[in-house]
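Chains P and G, in that order, give the protein sequences. For the first sequence, this note's numbering assigns the number 26 to the initial residue and increments by one for each residue that follows. For the second sequence, this note's numbering assigns the number 39 to the initial residue and increments by one for each residue that follows. Here the structure comes first, spelled out in structure tokens, and everything after it is commentary.
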Amino acid sequence: MKTDDLLLMAYVDGELAPNECREIEEHIRACADAAEIVALLRASRLDYKQAFATQKLPPVPDSLTQKIEAMARAHSNKSAAEGANDSSIPTPVAIAAAPVRSRMRSVPTWLAAACVAGAFCGGLFLRLGPLLKTGAPGSGSAVMASAGNLSPWVATAVGYQQLYTRETLAYVEDNPHVSSKTVEDIRRDDGLALRIPDLRSAGLTFKTVQRLRFNNKPLVQIVYQPEKGPPIALCVMKDVKPDQAVAAQVVDSMHVVTWRQAELSYALIGKTEGVDLDALGKRISNREVDQLFSNATSVSMAQAG
Amino acid sequence: MNGADLPGMLPDMLPRLWAFALRISGDRHDAEDLVQRACVRALERAHQLQPDTSPLSWMFSIVHSTWINELRARSVRKRSSMEWDDDFLENLADPLDKGPETQLMHSQIISAVERLPEAQRVVMLLVAVEGLSYQEAAEVLEVPIGTVMSRLSRARQAVGALFSTHDPKAKASVTRRDSIA
Chain P
26 MKTDDLLLMA YVDGELAPNE CREIEEHIRA CADAAEIVAL LRASRLDYKQ AFATQKLPPV
86 PDSLTQKIEA MARAHSNKSA AEGANDSSIP TPVAIAAAPV RSRMRSVPTW LAAACVAGAF
146 CGGLFLRLGP LLKTGAPGSG SAVMASAGNL SPWVATAVGY QQLYTRETLA YVEDNPHVSS
206 KTVEDIRRDD GLALRIPDLR SAGLTFKTVQ RLRFNNKPLV QIVYQPEKGP PIALCVMKDV
266 KPDQAVAAQV VDSMHVVTWR QAELSYALIG KTEGVDLDAL GKRISNREVD QLFSNATSVS
326 MAQAG
Chain G
39 MNGADLPGML PDMLPRLWAF ALRISGDRHD AEDLVQRACV RALERAHQLQ PDTSPLSWMF
99 SIVHSTWINE LRARSVRKRS SMEWDDDFLE NLADPLDKGP ETQLMHSQII SAVERLPEAQ
159 RVVMLLVAVE GLSYQEAAEV LEVPIGTVMS RLSRARQAVG ALFSTHDPKA KASVTRRDSI
219 A
């Protein structure tokens, strides 16, 4: 592209000063190519905005509108509750002209909540309080065998996981230091005796561990990437109740395997494509798999060294 | 204007984000997923929205980069406009308040833009349709402003060629056959 062409475009669009216009006009008289380009550019001065404004597009899907509104509401509520900026987010970096691609940070609670709101077509999220109250009585002893008995936090995690794709993980950098630090913080600050199962034997590669909060309580999401298909998550919450056997169910096309062990509730969630989540849940609960970051500090040190 | 205002603005921006996502992806399911993911990403980093940046062009930027990443992840080249969903777009203008010649002209303009090479088409959508400045379009596309102007010049010359050498009425049938409707 010649600079010439840009000047000619500016000329056609009336963006040049009078003296510059005269120079261009002289140039056009002397150069047939320039004259042709000017003719083409003039012919391209069309009302694009109006033309596209009348283009018939499919309407914005209601489901999308509801999801975005729920997200916006959840974010506004979060901002109102915590102040304008979340101090847990690293120092902002000017982004006006910067690439937006960057590693996904730990997803804040409002986002997890909003995702569920979206998954449930909005509205329900705002009634999570009452839902918790009505859902709680049955969850103490009943084996979760149907979607109707799903714990609210598991429902939240399922909704969140539905939005997770392999592309989501494409922005997550493999960083053992960050994961190690996260696990360490969870064990220390959240008081969860967290194990990160090593599921490579089942074809699942550990990708990330995230600290979320549900109903103001720590919720840990451990994400694994299968060889193909969407990511699989193992979510963990503290739950001071008797142990509960492994139970499987399908919620919104997502396979959900839950159990409770040593005062921790687990939910293994994913669309199973070649991975038997039920069997995997039993192997994890039986401690038949090794664990990663078993000593977060030493792993971190070793990696750093 | 800053990131704290973003949540309140997203619902109002949604129709334009939807239209942009539809036009760049050419698929309504992709567009829905694209807008949703872009909004998640935007809210997650709302604090990065600078006061001197237009929230709309910032959102376009996120929609566009999300789409580019999606294409990379799929390892496919962008489908040409000729391969879009059969039932996706209707080029014909709204017949209610426009004369037939205006409708025809509008559908020809849309068709001409849609037949441009991808990089030029996106620049035309941002600058000529969405009204972004060259600088804003450069920021959305993460390319130098000179690149935006070059692509725009080439795009306009291509469109101009369609409108300067033929009588618009005479090529109506050609346009209709090639259209994505």
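For every residue, glycine included, the Cβ atom is placed at its ideal position computed from N, Cα and C. A quick note: this is a predicted structure, and the numbers were derived from the prediction, not measured.
| Asked | Found |
| --- | --- |
| CB contact below 8 angstroms: residue 41(P) versus chain G | no |
| Range of the contiguous alpha helix (DSSP H) that encloses residue 94(G) | 93-112 |
| Stretch-stretch touch, CB-based, cutoff 8 angstroms, three pairs: the segment 71-78 of chain G with the segment 88-98 of chain P | yes |
| Closest by C-alpha distance to residue 319(P), when choosing among 280(P), 212(P), 302(P) and 248(P) | 212(P) |
| Separation of residue 265(P) from residue 292(P), as counted between CA atoms | 16 angstroms |
| Proximal chain P residues relative to residue 52(G), where beta-carbon distance stays under 9 angstroms | 85, 89, 90, 93 and 94 |
| Beta-carbon proximity check, residue 232(P) vs residue 262(P), cutoff 8 angstroms | no |
| Proximity winner among 168(G), 161(G), 200(G) and 50(G), relative to residue 182(G) (alpha-carbon distances) | 161(G) |
| Selection from 199(P), 58(P) and 248(P) that minimises the alpha carbon distance to residue 188(P) | 248(P) |
| Contact with chain P by residue 45(G), beta-carbon distance below 8 angstroms | yes |
| C-beta atoms of residue 52(G) and residue 79(P) nearer than 8 angstroms | no |
| Coarse secondary structure for residue 218(P), derived from DSSP in three states | coil |
| Proximity of residue 164(G) and residue 175(G) at Cβ, strictly below 8 angstroms | yes |
| Own chain partners of residue 228(P) with C-beta closer than 8 angstroms, once the 5 adjacent residues on each side are dropped | 251, 252, 299 and 300 |
| Between the CA atoms of residue 63(P) and residue 48(G) - distance to the nearest angstrom | 40 angstroms |
| Closer than 8 angstroms to chain P by CB, residue 201(G) | yes |
| Sub-8 angstroms separation of residue 186(P) and residue 258(P) beta-carbons | yes |
| Reference residue 214(P), options 312(P), 196(P), 237(P) and 193(P), closest by Cα | 237(P) |
| Near-chain G residues of the segment 64-79 of chain P (beta-carbon distance less than 9 angstroms), N- to C-terminal order | 64, 65, 66, 67, 68, 69, 70, 71, 72, 73, 74, 75, 76, 77, 78 and 79 |
| The segment 272-285 of chain P / the segment 190-197 of chain P touching (three or more Cβ pairs under 8 angstroms) | no |
| Residues near residue 30(P) in its chain [Cβ-Cβ closer than 7 angstroms; skip 5 each side] | 62 |
| Nearest residue (CA-CA) to residue 194(P), options 60(G), 97(G), 50(G) and 111(G) | 111(G) |
| Beta carbon of residue 71(P) nearer than 8 angstroms to that of residue 147(G) | yes |
| Closer than 8 angstroms to chain G by CB, residue 198(P) | no |
| C-beta neighbour in chain P for residue 20(G), strict 8 angstroms | Past the edges of chain G, shown from 39 to 219, lies residue 20(G), and the structure says nothing about it. |
| Short-range partners of chain P found in the segment 178-202 of chain G, where Cβ spacing is below 9 angstroms | 180, 184, 185, 187, 188, 189, 190, 191, 192, 193, 194, 195, 196, 197, 198, 199, 200, 201 and 202 |
| Segment limits, alpha helix (DSSP H) that includes residue 260(P) | Premise fails: residue 260(P) lies in the beta strand (DSSP E), 257-263, not in any alpha helix (DSSP H). |
| Coil, strand or helix - residue 230(P) by DSSP | strand |
| Cβ-based neighbour list, residue 41(P), same chain, cut-off 6 angstroms, excluding 5 preceding and 5 following | 35 |
| Close beta carbons around residue 256(P), own chain, < 6 angstroms, minus the five adjacent residues each side | 189, 194, 248 and 250 |
| The segment 55-70 of chain G: positions lying closer than 7 angstroms to chain P by Cβ | 56, 57, 60, 66 and 70 |
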